[in-house]
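Undergrad: Same order as they appear, the protein sequences are chains A and B.
Taking this note's numbering, the leading residue of the first sequence gets 17, the next gets one more, and so forth.
Taking this note's numbering, the leading residue of the second sequence gets 42, the next gets one more, and so forth.
Beta carbons: idealized from backbone N, C-alpha and C, even for Gly.
To start, I am sharing the structure in question, which I have written as structure tokens.
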Amino acid sequence: MTATRAIEDFVDPIWRNNPTFVQMLGMCPTMAVTNTVINGFSMGVTTTFVLVGSAFFVSLFRKSVPNEVRITTSILVIAAFTSLADMFVAALAPTIYKALGAFIALIVANCVLLGRMEAFAQKRPVGRSVLDSLGTGIGFTLGLSCVSAVREILGNGTFAGIHLFGPHFQPMLIFMLPPGGFLALGFWLLFLSYLKARKKGHRRVRLWPVVVTRRKVAA
Amino acid sequence: MSVPGGHAPKSASLSTEMAADAPPPPDVRPSRLILILCSFGAACGLALALAFEWTQPRIDAHQAMLTEAAVREVLRGPDHFTPLYVSGGTLTATAPAGADPAKLDRVFVGYDQSGKAIGFAIPASGPGFQDNLKLIFGYDPATEQLIGMKLVDQRETPGIGDRIEKDLAFVQEFAGPRAPIEGVKAGRGQGNAHAVDMITGATISSRAVIAIINKRVQALAPALQNYTQQQGGAR
């Protein structure tokens, strides 16, 4: 593992290694709770809380936990933080709790969590691990917010509950339904690969056939 | 079984090879693993117990507030209301001894300013399109009419089934019809005192609401009648 600077640990997962768009982790909440921006954002924030809390403790005790029970203790800590998050959201934000429903409890199965614990918090000091988790959490929140913004605007004509269009707007209901999650994520991935291709210098690349053209030309 | 002498060294070397390939024996004693897991478990358990102590009163208070708001809505603003407990087909003002009041089947009787009972707010639940629906409805046993209906918890399809909660025209349909209610296509219910206009496109969810209410009214009607007569006789 190459040495990284603290700022890189924090910034890298926000954009260049975004958990949703680049690492493609945590797809379950990305599909399930991104029907409104508030839901997507709240899910991201709750996941960030679990990430940072678990990374802190996993990293703090990394030297006293033997390899044999490494994953078991990680999962134990993640599960405890997920349950804490579940109770806190229920007590402090009941409306959001009602909308997110069972998906808060399912944070425990989110692969972003165990991924960060295994790949980072197990090996690095506490401060770095917290920075990395915070960055990952922000990146995840950003990903969920982007997907949910597309879904809410097209599927309901609102952004965070604010009506954007006039009364004659006909919402594209499919974006509110489960397939909308796949579509919105797919469009985002397409758009981001287009940006990436443009950045690499493929000037003539067009958005629509970005996946099939200009791939091996430079090589 | 006798083993030829010539084979013994070979099998010995084989076993040493295997031992070399096998992972080294764990240098951690099992007792330490158990101790570590137990202490992690205990610490997590303690944290959860403390969090539960802190959050549960808030969650309960919010639930009670939601119930009160729902009761007020479906009884069209009663002056006050009191809970009644359903046990063994009768309604009692006090919970049976030894039972947890929060877990018992409850209905709420609402009164107007003069202290006259105006109807019952009855919580009910049953299967919807995706998950169980929880609702509460107002019912007046004297006229057998519904007073109002409010969804308390539903997970119907956003934009389709969830109109049973969000479509105010549909919710308004539950003010006035006589039980047992009957779902009809929108506009076909003129002159039918039992008719409730269903939502086009959300037939299953609409039907579920109607079925839940009918079932509950049927089950509770004798108890409600008895209670009303008793109260009337006492007065």
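By the three-class DSSP mapping on this structure, what secondary structure does residue 150/A have?
TA: Locating residue 150/A in the first sequence gives position 134, counting from the first residue. Helix.
Undergrad: Give the straight-line distance between the Cα atoms of residue 30/A and residue 153/B, rounded to the nearest whole angstrom.
TA: Sequence index remark: in the first sequence, residue 30/A carries index 14 (1-based). Sequence index remark: in the second sequence, residue 153/B carries index 112 (1-based). C-alpha separation (whole angstroms): 59 Å.
Undergrad: Please report the residue range of the beta strand (DSSP E) in which residue 173/B lies.
TA: Here residue 173/B corresponds to residue number 132 of the second sequence, with the count starting at 1. Element bounds for residue 173/B: 173-181.
Undergrad: Give me the Cα-Cα distance between residue 161/B and residue 130/B, rounded to the nearest whole angstrom.
TA: Here residue 161/B refers to the residue found at position 120 when the second sequence is read from its first residue. Here residue 130/B refers to the residue found at position 89 when the second sequence is read from its first residue. So the two alpha carbons sit approximately 16 Å from each other.
Undergrad: Taking only the alpha-carbon atoms, compute the straight-line gap between residue 252/B and residue 246/B and give it to the nearest angstrom.
TA: Numbered from its first residue, the second sequence carries residue 252/B at position 211. Numbered from its first residue, the second sequence carries residue 246/B at position 205. So the two alpha carbons sit approximately 10 Å from each other.
Undergrad: Can you tell me the Cα-Cα spacing of residue 137/B and residue 124/B, whole angstroms?
TA: If you number the second sequence from 1, residue 137/B lands on position 96. If you number the second sequence from 1, residue 124/B lands on position 83. Distance between the alpha carbons of residue 137/B and residue 124/B: 13 Å.
Undergrad: Look up residue 178/A in the DSSP assignment and say whether it is helix, strand or coil.
TA: Here residue 178/A corresponds to residue number 162 of the first sequence, with the count starting at 1. Residue 178/A: strand per DSSP, three-state reduction.
Undergrad: Would residue 117/A count as contacting chain B if we go by Cβ distances under 8 Å?
TA: Along the first sequence, read from residue 1 onward, the residue named residue 117/A stands at position 101. So, interface residue.
Undergrad: Counting only runs of 4+ residues fully inside the segment 126-173 of chain A, write out the alpha helix (DSSP H) ranges in chain order.
TA: Listed in chain order, they are 127-132, 142-172.
Undergrad: How would you label residue 182/B, buried or exposed, when you count the other beta carbons within 10 angstroms and need 16 or more for buried?
TA: Numbered from its first residue, the second sequence carries residue 182/B at position 141. So residue 182/B counts as buried.
Undergrad: Output the distance between the C-alpha atoms of residue 100/A and residue 93/A, rounded to the nearest integer angstrom.
TA: Looking up residue 100/A in the first sequence gives position 84. Looking up residue 93/A in the first sequence gives position 77. For residue 100/A and residue 93/A, the distance between alpha carbons rounds to 11 Å.
Undergrad: Using the beta-carbon of each residue, which ones in chain A are nearer than 8 Å to residue 196/B?
TA: Position 155 of the second sequence, counted from the first residue, corresponds to residue 196/B. Simply 117.
Undergrad: Would you verify that the beta carbon of residue 85/B is, or is not, closer than 8 Å to some beta carbon of chain A?
TA: Position 44 of the second sequence, counting from 1, holds the residue named residue 85/B. By this cut-off, residue 85/B is an interface position.
Undergrad: Report the rounded CA-to-CA distance for residue 145/B versus residue 128/B, giving the unit in angstroms.
TA: Position 104 of the second sequence, counting from 1, holds the residue named residue 145/B. Position 87 of the second sequence, counting from 1, holds the residue named residue 128/B. Straight-line Cα distance between these residues: approximately 8 Å.
Undergrad: Of all the beta strand (DSSP E) runs that stay within the bounds of the segment 69-106 of chain A, which reach a length of 3 or more residues?
TA: Correct list: empty.
Undergrad: In whole angstroms, give me the CA-to-CA distance for residue 159/A and residue 150/B.
TA: For this step, residue 159/A is matched to residue 143 along the first sequence. For this step, residue 150/B is matched to residue 109 along the second sequence. Approximately 49 Å between the Cα atoms of the pair.
Undergrad: From which residue to which residue does the beta strand (DSSP E) around residue 103/B run?
TA: Against the second sequence, residue 103/B aligns to sequence position 62. Where residue 103/B is concerned, there is no enclosing beta strand (DSSP E), although the alpha helix (DSSP H) it sits in stretches over 71-115.
Undergrad: Tell me residue 29/A's beta-bridge partners as DSSP assigns them.
TA: As a working note, residue 29/A is residue 13 in the first sequence. DSSP, once it has assigned bridges, lists no residue as partnering residue 29/A.
Undergrad: Kindly list, in the order they appear in chain A, the residues whose Cβ is closer than 7 Å to that of residue 88/B.
TA: Reading the second sequence from its first residue, position 47 is the one you call residue 88/B. Correct list: 96, 100.
Undergrad: Please list the residues of the segment 86-115 of chain B that have a C-beta atom closer than 7 Å to any C-beta atom in chain A, keeping them in chain order.
TA: Hits within the stretch, in order: 88, 89, 92, 93, 96, 99, 100, 103.
Undergrad: Given a limit of 8 Å on CB to CB distance, which residues of the segment 71-83 of chain B reach chain A?
TA: Cβ contacts with chain A: 73, 74, 77, 78, 81, 82.
Undergrad: Just reading off the beta strand (DSSP E) that residue 163/B is part of, what are its end residues?
TA: For the purposes of this step, residue 163/B is identified with residue 122 of the second sequence, where counting begins at 1. Unbroken beta strand (DSSP E) run through residue 163/B: 158-168.
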